[in-house]
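Residue numbers (my numbering): 17 to 667. Beta carbons: idealized from backbone N, C-alpha and C, even for Gly. Report on one structure; see the data block that follows.
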């Protein structure tokens, strides 16, 4: 589909891409990964034809349809989400208008030739309409908008009345309705809540298009991609495995490289010793020269440098607080409806909540249920009815969704951190900035030139420059790359104080909290379970996918449940048999590979082996070890899936 050859791009003296080449096939599902600033978004823009480049070629067929969703885009604020989504069917609307014109012309045709020509045109128009499936586009639009989180009344509101996140959802709906041959998605989950992320994931899993996906959501990447492209140091590393397997594979590859390099150094030393021993003897001079020639031709194994830079987050000891950190008593909150100011939208009704010292909590729920509103109320940034009070000696650290944008754009990194630091921590500012990957001249950069990820890191650094015992974090991972999110998660796990977290990132939340607070029906519901358990619970309660049209009503709930249960059982049995076959095949493959590895080890260790044969043996061992690692990962995944499916159902 797309062939990239020798792509080169420089930003000043810095090579963003240094002659990179790769191919995207029609069945590829690619996760595009890399650190913030590595060039992932730039590469998507280049493929979408929206970014010039210095050298190389990008080849794609003329008939290729491409759907590109950037992180940020300009929106037509005079349209409604329905009208935005409807743009996906502009071709169908034009074809329907053509059909009417052709039919009228056919009625007035005066010759057979004219009638045949018009009839042919009519047939082609009908065929194209059937191909793009536009006959029921109203139903498709409704299903898509509902799936992505819109309620019916909001589908026809102006985009100007909506937040940036909801505008982006409308554009995503339009893009998916087009059904392009290749989807280029840059952080599509950034503005989605958990139900919408789950719905989008289910949709994309079977979506009939090639996919290139940038995401910092590891679960999203693992479930949707089969190939990983990492942008690092102007190059691309390409492996046909999803993200989590890629991380393990790269670890194994580096270990193998290190072992091979060590063996090669030993061989070089031994050969050099032989050369020094024989070069002075006339009878052995020719042999010594042949060894010198071999060493000169030997391709040196270089161990790839791993980018080990990462945040070093460690929260300082939390000052002692009272046993009760925060109490919410009989709190109600409502907003005037933006479209009908005389009406109100209720968020909370007599909500109750008690947070005890040392608890690690997460607020979850669909967008619009009041998660950010609640944390702003606790921080005194939002008026409400009722009572919210903090406990004895509670010192709050607050990371708002827009915290990276709240910083003074004209200030430097150093000035911003010094302003945030307490008096006793001012001497630690430079060290703390270094821990958050701001070193050297970085500290003199203006905030306005920092990337989203850099601003997020700076905002987190500023929080740690004060003694705190109650952290309130509203979407702290939005702009962080995968490595930085992992570091922050581990730091929060080890935090001695109390925290209240808002996040839609399943992987980040998994295993992090000991209590979930689900906002639903104007209340705060306690859910003493992990986020993945809650997602499964909600899916089971919802039954049908949230993206299904409200127009399609089942005959009865019991009939639907029976039919769904029977179909699910049948599909699970089929999946179980397929997994059993796959596990058996992989076990056989592993046994063969391990036997080959053992044989190769014995071969290269055999004394008297020619150096060239030893080198070939080590190279082959590396290939076999790589295949063993990949096969083992595949076997573990298949075995885990078998366990999840359980025992075979009785007939």
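With a floor of 4 residues, list each alpha helix (DSSP H) that falls wholly inside the region 24-72, ordered by position along the chain. 56-63
Quick one: what does DSSP say residue 462 is sitting in, helix, strand or coil? strand
Does the beta-carbon of residue 635, which I'm using as the reference point, lie nearer than 8 angstroms to any heavy atom of the ligand MN? Although the ligand MN was asked about, the structure shown includes no ligands whatsoever.
Pick helix, strand or coil for residue 524, following the three-state DSSP scheme. helix
In this structure, does DSSP put residue 333 in helix, strand or coil? coil
Element boundaries [alpha helix (DSSP H), containing residue 283]: 259-294
Tell me, to the nearest whole angstrom, how far the beta carbon of residue 220 is from that of residue 240; I am working on the premise that it is less than 8 angstroms. 5 angstroms
Buried versus exposed call for residue 167 [16 or more other C-beta atoms within 10 Å across all chains shown]: exposed
Check whether the Cβ atoms of residue 378 and residue 504 sit closer than 9 angstroms, and answer yes or no. no
Just to confirm, is the Cβ distance from residue 230 to residue 345 under 9 angstroms? no
Just grab the DSSP bridge partners of residue 352 for me. 360
Cα-Cα separation, residue 260 to residue 653: 11 angstroms
I need the straight-line Cα distance from residue 538 to residue 352, nearest angstrom please. 16 angstroms
With 16 as the cutoff for other CB atoms within 10 Å, does residue 426 come out buried or exposed? exposed
Applying the 10 Å Cβ sphere with the 16-neighbour rule, what's the burial state of residue 334? buried
Tell me the rounded alpha-carbon separation between residue 650 and residue 212. 29 angstroms
Please check the pair residue 82 and residue 200, which I expect to be a contact at CB under 8 angstroms, by giving their CB distance rounded to whole angstroms. 7 angstroms
Report yes if the CB atom of residue 487 is closer than 9 angstroms to the CB atom of residue 511, and no otherwise. yes
If you drop the 5 nearest sequence neighbours on each side, which residues of the same chain put their C-beta closer than 8 angstroms to that of residue 204? 85, 188, 216, 229, 231
So for residue 84, helix, strand or coil by DSSP? strand
Mind checking which residues open and close the beta strand (DSSP E) that includes residue 405? 401-406
Cα-Cα separation, residue 618 to residue 635: 14 angstroms
Between the alpha carbons of residue 79 and residue 484, how many angstroms are there, rounded? 58 angstroms
Out of curiosity, what's the CA-to-CA distance linking residue 226 and residue 119? 37 angstroms
Could you tell me if residue 155 is buried or exposed, where buried requires 16 or more neighbouring beta carbons within 10 angstroms of its beta carbon? exposed
Distance check for residue 110 and residue 248, CA to CA, integer angstroms please. 45 angstroms
Just tell me which of 501, 455, 113, 655 has its CA closest to the CA of residue 476. 501
Looking only at DSSP bridge pairs, what is residue 486 linked to? 412, 514
Can you list, in chain order, the residues of its chain whose CB lies under 7 angstroms from that of residue 388, leaving out five sequence neighbours each side? 417, 490, 518
Output the distance between the C-alpha atoms of residue 536 and residue 381, rounded to the nearest integer angstrom. 7 angstroms
Residues in its own chain within less than 7 angstroms of residue 605 by CB, not counting five upstream and five downstream? 647
Grouping DSSP H, G and I as helix and E and B as strand, with all else coil, what is residue 579? In this prediction, residue 579 scores a pLDDT of 46, lower than 50, which makes its location untrustworthy; the coordinate-derived value is nonetheless stated afterwards. Helix, per DSSP.
Here's a check: name, in chain order, each residue in its chain whose Cβ is nearer than 7 angstroms to the Cβ of residue 602, leaving out the five neighbours to either side. 647, 650, 651, 654
Can you grab the Cα-Cα spacing for the pair residue 175 / residue 95, in whole Å? 6 angstroms
CA-CA distance, residue 515 and residue 280? 52 angstroms
Just how far apart, CA to CA, sit residue 506 and residue 661? 31 angstroms
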